[in-house]
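Peer 1:
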Amino acid sequence: MKISRASLTREELNRLRRERYRVTAAEHNRKRREHRRANAAEINRKKREWIKAHAAEVNRQQREAYRRRVAARAAVRQGGRIAQTRPARQAAAEEPAKRVQRVRELRQESPTREESARRWLKSREQGERSPTAEEPARRWVEWRERQNSAAAPANSRGASAGARTGSRGDDEDVEAATRDRRRDNTHGL
Numbered sequence: 512m513k514i515s516r517a518s519l520t521r522e523e524l525n526r527l528r529r530e531r532y533r534v535t536a537a538e539h540n541r542k543r544r545e546h547r548r549a550n551a552a553e554i555n556r557k558k559r560e561w562i563k564a565h566a567a568e569v570n571r572q573q574r575e576a577y578r579r580r581v582a583a584r585a586a587v588r589q590g591g592r593i594a595q596t597r598p599a600r601q602a603a604a605e606e607p608a609k610r611v612q613r614v615r616e617l618r619q620e621s622p623t624r625e626e627s628a629r630r631w632l633k634s635r636e637q638g639e640r641s642p643t644a645e646e647p648a649r650r651w652v653e654w655r656e657r658q659n660s661a662a663a664p665a666n667s668r669g670a671s672a673g674a675r676t677g678s679r680g681d682d683e684d685v686e687a688a689t690r691d692r693r694r695d696n697t698h699g700l
């Protein structure tokens, strides 16, 4: 039996999503490995070219980072505080963290299974209901009656068709159609 995704809690939906992504990620990684094996010479050549073209910039960035680390260690050894070498970057990094914290505060904890089921039942009772088994069954009974009434004069079976539809009321036909699921598939044949 397939479980409706609407009845699952947030944790269950996330678990299913992670499992699906794990499968697709494994497939993506396999294809990437095959591509690298098939085109290793070209990939390595392009990588060497990029390293040569960007070596000066990469070395400059590494030297600056090394100098900042050395200066920070020296300040700590001397008992001073570490100078803010990048105040703008730190402020920019704090803003998303604050935004995430606000979102977490606004977000409610996900409901338990029982609470989720209770909410689902409540929404079904309040909202406009989609067609239930009775509505398609009622349409089916009407369609069969139209078919029988159209076929009765042509086949001169007026009495037998009238006896079949007239022996039970419309409500009984609807109840019979909802109880017998095969009736929709076989069209009463």
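Counting in this note's numbering, the sequence shown runs from 512 upward without gaps.
Positions of the beta carbon are idealized from the N, C-alpha and C atoms, including for glycine.
How about T520 and S621: are their beta carbons less than 8 angstroms apart?
Peer 2: yes
Peer 1: Using DSSP with H/G/I as helix, E/B as strand and the rest coil, what is K563?
Peer 2: helix
Peer 1: Check T623 in the structure and name its three-state DSSP category.
Peer 2: In this structure, T623 counts as coil in the three-state DSSP scheme.
Peer 1: Excluding the 5 residues flanking R531 on each side, which residues of the same chain have their C-beta closer than 6 angstroms to its C-beta?
Peer 2: Here the set comprises nothing.
Peer 1: May I ask you to report which of helix, strand or coil DSSP gives T535?
Peer 2: helix
Peer 1: With DSSP as the reference, label K557 as helix, strand or coil.
Peer 2: helix
Peer 1: So which of A628, R650, Q658 and K633 has the shortest CA-CA distance to S515?
Peer 2: Of the candidates A628, R650, Q658 and K633, the one whose C-alpha sits nearest the C-alpha of S515 is A628.
Peer 1: With DSSP collapsed to three states, give me the class of Q573.
Peer 2: helix
Peer 1: Check whether the Cβ atoms of W631 and S518 lie closer than 8 angstroms to each other.
Peer 2: yes
Peer 1: Is the beta carbon of R547 less than 8 angstroms from the beta carbon of I554?
Peer 2: yes
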